[in-house]
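Positions 413 to 633 (my numbering) are the ones given, in order, by the sequence shown.
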Amino acid sequence: MANIDLIREVKRSAVNHWGSVLSACGVDVPERGKHGACPVCGGTDRFHFIDDHHNGNWFCRQCDAPNHGDGLDLIAKVKGISVLDAAKEVSQALSLSLPEPARKEAPKSAAPPIAEKVSKLVAQTTAGQSAYLNAKGHTCPVRLLEDGSLLLVIRCGDDVTGAQIIRPDGEKRLIAGTRKKGSFIPVSELPETADTVLIAEGYATALTVAQLHDGLVLAAI
Numbered sequence: 413m414a415n416i417d418l419i420r421e422v423k424r425s426a427v428n429h430w431g432s433v434l435s436a437c438g439v440d441v442p443e444r445g446k447h448g449a450c451p452v453c454g455g456t457d458r459f460h461f462i463d464d465h466h467n468g469n470w471f472c473r474q475c476d477a478p479n480h481g482d483g484l485d486l487i488a489k490v491k492g493i494s495v496l497d498a499a500k501e502v503s504q505a506l507s508l509s510l511p512e513p514a515r516k517e518a519p520k521s522a523a524p525p526i527a528e529k530v531s532k533l534v535a536q537t538t539a540g541q542s543a544y545l546n547a548k549g550h551t552c553p554v555r556l557l558e559d560g561s562l563l564l565v566i567r568c569g570d571d572v573t574g575a576q577i578i579r580p581d582g583e584k585r586l587i588a589g590t591r592k593k594g595s596f597i598p599v600s601e602l603p604e605t606a607d608t609v610l611i612a613e614g615y616a617t618a619l620t621v622a623q624l625h626d627g628l629v630l631a632a633i
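Below, the structure written as structure tokens:
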């Protein structure tokens, strides 16, 4: 049971019983509907125990704000405790059983790092010709999944940040968890330094650019 549920249950159970509940909790108030001494500020006649809705509501013309509330608010204000602690006192006064602390759920296992997911996919590939790239005029060996889809590893610097899968019919998708910002698909192994970096839109276009120009060629995502 959540804290708010305990408070609601206590308030529900205390309806029509606030006079005796307050007394049992050590809070003295005038008779219902009467004015009298304030259990908070000590004023002699400015406290009014209204209780017209049977929830222990009260008002004091001398107390600092908040100078009104229900029975739980009054107990909390008199004793300088939280409303939740006041609810626990009332629960004991009403002989209600306090709820057992909620059991913490075991944390869900975190998703595997994207580099690990990509590594597992790469392990499932074989070298071959991509029908998609062949249709674009490229016959270089590439990594192919079992269904003939092309697997392209996406990087950001030296870090693996995801992968793109291109089906033989050209349908493209990124695997779940791929980070696109700042990432790219290298056409060849990344050198330590590069004097010229060329960025093309799409892997097939990047292959064409690499055939025509010297330098590091990257395919944008």
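Ideal placement from N, C-alpha and C gives every residue a C-beta, glycine not left out.
Element boundaries [alpha helix (DSSP H), containing E501] | It spans 495-505 - the alpha helix (DSSP H) in which E501 sits, taken as one unbroken run.
What does C472 pair with, by DSSP beta-bridge criteria?
-> According to DSSP, C472 bridges with F459.
Between which two residues does the beta strand (DSSP E) harbouring A612 extend?
-> A612 -> beta strand (DSSP E) spans 609-613.
W430 and N479: beta carbons closer than 8 angstroms?
-> Their beta carbons are not under 8 angstroms apart, which means W430 does not touch N479 by this criterion.
So which of L496, I633, K592 has the shortest CA-CA distance to I416?
-> Comparing Cα positions, the closest option is L496.
Return the first residue and the last residue of the alpha helix (DSSP H) that D485 is part of.
-> Looking at the DSSP string, the run of the alpha helix (DSSP H) that includes D485 is 483-491.
Residues in its own chain within less than 6 angstroms of A622 by CB, not counting five upstream and five downstream?
-> The beta carbon of A622 is closer than 6 angstroms to those of V599, V629 in its chain, skipping five residues each way along the sequence.
Which word fits D463, buried or exposed, when buried means at least 16 other C-beta atoms lie within 10 angstroms of its C-beta?
-> Taking all protein chains shown into account, D463 has 16 or more neighbouring C-beta atoms within 10 Å of its C-beta and is therefore buried.
Residues near A606 in its chain [Cβ-Cβ closer than 8 angstroms; skip 5 each side] = Same-chain partners within the cutoff: G627, L628.
Does H625 come within less than 8 angstroms of chain C when only Cβ atoms are used?
-> Within the model displayed, chain C is absent; a lone protein chain is all it includes.
On the DSSP bridge assignment, give the partners of R444 in chain order.
-> Per DSSP, R444 has no beta bridge partner at all.
Counting only runs of 4+ residues fully inside the stretch 526-594, write out the alpha helix (DSSP H) ranges in chain order.
-> Whole alpha helix (DSSP H) segments, 4+ residues: 526-535, 543-547.
Inter-residue Cα distance where the pair is K592 and E613 | Rounded to the nearest whole angstrom, the CA to CA distance from K592 to E613 is 14 angstroms.
Extent of the continuous beta strand (DSSP E) run through V629 | Where V629 is concerned, the enclosing beta strand (DSSP E) stretches over 628-632.
With DSSP as the reference, please indicate the residues paired to I597 in a beta bridge.
-> I597 pairs with A631.
Tell whether a beta-carbon distance below 8 angstroms holds between I578 and L562.
-> Contact annotation: I578 and L562 have beta-carbon atoms nearer than 8 angstroms.
Under 6 angstroms Cβ to Cβ from V422, same chain only, skipping five residues before and after it: list those, please.
-> Here the set comprises A499, V502, S503.
Between which two residues does the alpha helix (DSSP H) harbouring E421 extend?
-> Counting along the chain, the alpha helix (DSSP H) containing E421 begins and ends at 415-426.
With C-beta atoms as the reference, is V427 less than 8 angstroms away from P451?
-> Inclusion of V427 and P451 in the CB contact set at 8 angstroms is not warranted, their separation being larger than that value.
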